[in-house]
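Chemist:
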Amino acid sequence: MSPVHFEDKCLFCKIIQKKIPSKIVYEDESALAFEDISPQAPVHLLIIPKTHIPRLADINAGDEKQLAHLFTIVRKLAEEKNILESGFRTVINSGEEAGQTVFHLHVHLMGGRAFHWPPG
509 MSPVHFEDKC LFCKIIQKKI PSKIVYEDES ALAFEDISPQ APVHLLIIPK THIPRLADIN
569 AGDEKQLAHL FTIVRKLAEE KNILESGFRT VINSGEEAGQ TVFHLHVHLM GGRAFHWPPG
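Note that the sequence shown covers residues 509 to 628 in this note's numbering.
1. Can you list the beta strand (DSSP E) stretches of 3 or more residues lying completely in the region 554 to 593, in chain order?
2. Suppose contacts are defined by Cβ-Cβ distances below 8 Å. Is valine 551 in contact with isoleucine 591 by that definition?
3. How long is the line joining the alpha carbons of proline 626 and valine 610, rounded to whole angstroms?
4. For glutamate 543, write down the residues that DSSP places opposite it in a beta bridge.
5. Across which residues does DSSP place glycine 607 in a beta bridge pair?
6. Could you give the first and the last residue of the continuous beta strand (DSSP E) run that contains phenylalanine 596?
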């Protein structure tokens, strides 16, 4: 796992550093999860690494443990939010054309309603 690295202008780095308030639902030494401020489902959480990685496209060899850890947190939170069995969606947008608006790697965990395919 990469050492923790913050970017001064990154919104999510500021949330990690507690410079911007958020509704944190999970935190450990390498990751943080919080409620999305513009939820698209009854459950809509963001799970982020504490080290600044701008996009999924910027993942390097050696980041495998961090990615696996993020998805372990997804499962834990899906269970806590009672959407593990009913179903949930995870989304990682990588780049502007994919809809990424905050350039700090994050996994959306959404559930509590029916989703449609294709997503749009």
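Heads up, the beta-carbon is just placed ideally off N, CA and C, and yes, glycines get one too.
Modeler: Here's the rundown:
1. none
2. yes
3. 23 Å
4. Leu553
5. Beta-bridge pairing links glycine 607 to no other residue.
6. 596 to 599
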